[in-house]
Amino acid sequence: MLRPKVPTNPMPTGTVTPPAVVEPPAVVQHTPAPAPVAPAPARPTIQLTPGAVIAVVGGGTAVVLVVGAVLVSMLLAVAITGASLAICTLVIRSLVASQNGR
């Protein structure tokens with residue numbers, strides 16, 4: 045019915061392309077100009093005051109609590125859906141069984 049056919053390779057034409065001649069690139073050394081050195085800052089860029097630390101910790105705690113509440117609510121929704129499907133399955137099964145008994 046379906047028979048695979050092996051493809052045939054075309055015969056070589058006999059024309060051969062000559063290999064390309066590769067010439068090495070000329071090496072020229074340049075001495076780069078010295079880069080200007082920026083003075084090191086005397087103090088760090090980010091300074092956290094005690095109030096800022098409390099705000100960051102409070103914000104992080106709020107984010108963790110919100111994400112946790114969302115994940116728990118999603119898990120609860122899946123559990124409720126599974127339980128309701130199980131109850132629907134039992135009801136339909138009992139209805140089908142009672143119809144077969146009559």
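Every number in our numbering is 44 more than the matching position in the sequence shown, counting from 1.
Cβ coordinates follow ideal geometry from the N, Cα and C atoms, glycine included.
query	result
Check THR105 in the structure and name its three-state DSSP category.	helix
Do the CB positions of VAL81 and LEU92 come within less than 9 Å of each other?	no
If we ignore side chains and look at the alpha-carbon of each, how far apart do THR61 and PRO54 end up?	18 Å
Excluding the 5 residues flanking VAL122 on each side, which residues of the same chain have their C-beta closer than 7 Å to its C-beta?	none
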